[in-house]
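Chains A and G, in that order, give the protein sequences.
The opening position of the first sequence corresponds to residue 1 in my numbering, with each subsequent residue numbered one higher.
The opening position of the second sequence corresponds to residue 1001 in my numbering, with each subsequent residue numbered one higher.
Where is the CB? At the ideal position from N, CA and C, for every residue including glycine.
Take a look at the structure set out below.
Number of protein chains: 2
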Amino acid sequence: MNELTIGKLAKKAGVTIDTVRFYERRGLINEPARTQSNYRIYPEEEVAHLRFIKKAKELGFSLNEIKQLFKLQDDPKASKSDVKEWTEIKIWEIRRRIEDLSKILSALEQLTVSCDGHGPVSECPIIGVLSGDLEESKQHHP
Amino acid sequence: MNELTIGKLAKKAGVTIDTVRFYERRGLINEPARTQSNYRIYPEEEVAHLRFIKKAKELGFSLNEIKQLFKLQDDPKASKSDVKEWTEIKIWEIRRRIEDLSKILSALEQLTVSCDGHGPVSECPIIGVLSGDLEESKQHHP
DNA sequence: CTTGACCTTTGACCATAGTCTAATGTTTAT
DNA sequence: ATAAACATTAGACTATGGTCAAAGGTCAAG
């Protein structure tokens, strides 16, 4: 058995010790076993757990959302359909985020094409993008 | 000329009055003209300005990033190449976010396929996705 | 000319997600 | 055996992005 102290866990997972304890307080990770001297000891598996939290957070999930998913996993009363429902909602949210990001991406890409890197910024078409909202700029025709 | 009080501006832009004043304090919108009685009055254009902030924020840009872009626009010393550089960095960031979201999206999509909505959650493959980190689960082969 | 809807300011408060400090205890290495 | 490196707690502090309340001034309608 490969047990880790909080410092080693944190290092392996790429977070700080404070963050580990913070997640524990928030119920995102289980309260770990303790040594005789009250040190937290974690199984190796907690590393993956923490990395998952880290990645999911980067992708825009809140700690509460991540916690919900963990709870769903551990709840013996939760059914596959509960998980399915949750994931389907999330799939929609992610699709929408990807769409919006793609919109702003092509707006910015067009900008770099027409903004050739010479002359004053006042001639740069970024002004147009900034002045209208994104929805409008989508149907903005030349 | 179509001038707006703060309430009308906020309503048109879909934000609260407090948010407008907050953005003003943060330097995201210009300090507006005032009436004799010290009321803020805005030109119609501020609506688009606020809507842009709102949308950009939804897409994950921080208020400081948005402010930077506005500053760049207004700075007479800023050149097209500054704007171009900024937008190119942002383009990279957005592409990366889209990629990461696409990864988690397909993970979730696979889940809903294999998780058919019957039986206990313990049999649901979401456990696998949660146990490894996303990078690992990408190269996880059966 | 008053009532209600609007505006003003200052400053407190909230949630999210940590981050740091102080005071103290434990383990490890030389 | 002692110093360095690590652990513990409680609680204060940070940044971001607002949101609300108090106490008051202004404006438009009846």
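Please determine, among the options, the residue with the shortest C-alpha to C-alpha distance to residue i.
i                  : options                             : result
Lys1057 of chain G : A:Glu3, A:Lys12, A:Leu101, A:Glu109 : A:Leu101
Glu44 of chain A   : A:Val83, A:Ala10, A:Ala107          : A:Ala10
Ser1081 of chain G : A:Phe61, A:Val113, A:Leu72, A:Ile53 : A:Val113
Glu1046 of chain G : G:Pro1032, G:Lys1077, G:Trp1086     : G:Pro1032
Asn2 of chain A    : A:Phe22, A:Trp86, A:Val20, A:Ile41  : A:Ile41
Ile1094 of chain G : A:Ile91, A:Glu93, A:Glu99           : A:Glu99
Glu1085 of chain G : A:Gln73, A:Leu72, A:Ala13, A:Glu109 : A:Glu109
Ile53 of chain A   : A:Gln36, A:Tyr23, A:Leu72, A:Lys8   : A:Tyr23
Gly14 of chain A   : A:Gln36, A:Arg34, A:Lys55           : A:Lys55
Tell me which residue opens and which closes the alpha helix (DSSP H) that residue i is part of.
i                  : result
Tyr1042 of chain G : Not the alpha helix (DSSP H): Tyr1042 of chain G falls in the beta strand (DSSP E), residues 1040 to 1043.
Leu72 of chain A   : 63 to 74
Glu1031 of chain G : Neither: Glu1031 of chain G is in no alpha helix (DSSP H) and is coded neither H nor E.
Val20 of chain A   : 17 to 25
Taking 8 Å as the threshold (C-beta atoms), are residue j and residue i in contact?
i                  : j                  : result
Thr1016 of chain G : Tyr1039 of chain G : no
Leu1050 of chain G : Val1020 of chain G : yes
Thr148 of chain A  : Leu1105 of chain G : Because residue 148 of chain A is not part of the residues shown, which for chain A are 1 to 142, the question remains open.
Arg1097 of chain G : Gly1060 of chain G : yes
Starting from residue i, follow the beta strand (DSSP E) in both directions and report where the run begins and ends.
i                  : result
Leu1004 of chain G : 1003 to 1005
For residue i, which residues from the same chain have a beta carbon less than 6 Å from its beta carbon, with the 5 sequence-adjacent residues on both sides left out?
i                  : result
Lys1012 of chain G : Val1047
Lys77 of chain A   : none
Ile127 of chain A  : Note on Ile127 of chain A: pLDDT 42, under 50, position unreliable in the model; no value is reported.
Identify, in the order they occur along the chain, each residue of the same chain with its Cβ nearer than 7 Å to the Cβ of residue i, setting aside the five sequence neighbours on each side.
i                  : result
Gly7 of chain A    : Ile17
Val83 of chain A   : Leu72
Lys1090 of chain G : none
Can you give me the Cβ contacts of residue i inside the same chain, cut-off strictly under 8 Å, excluding the 5 residues immediately before and after it?
i                : result
Arg34 of chain A : Arg40, Ile41
task: Spell out a yes or no on whether the segment 1065 to 1075 of chain G and the segment 1022 to 1033 of chain G are touching, meaning 3 or more CB-CB pairs, one atom from each, closer than 8 Å.
output: yes
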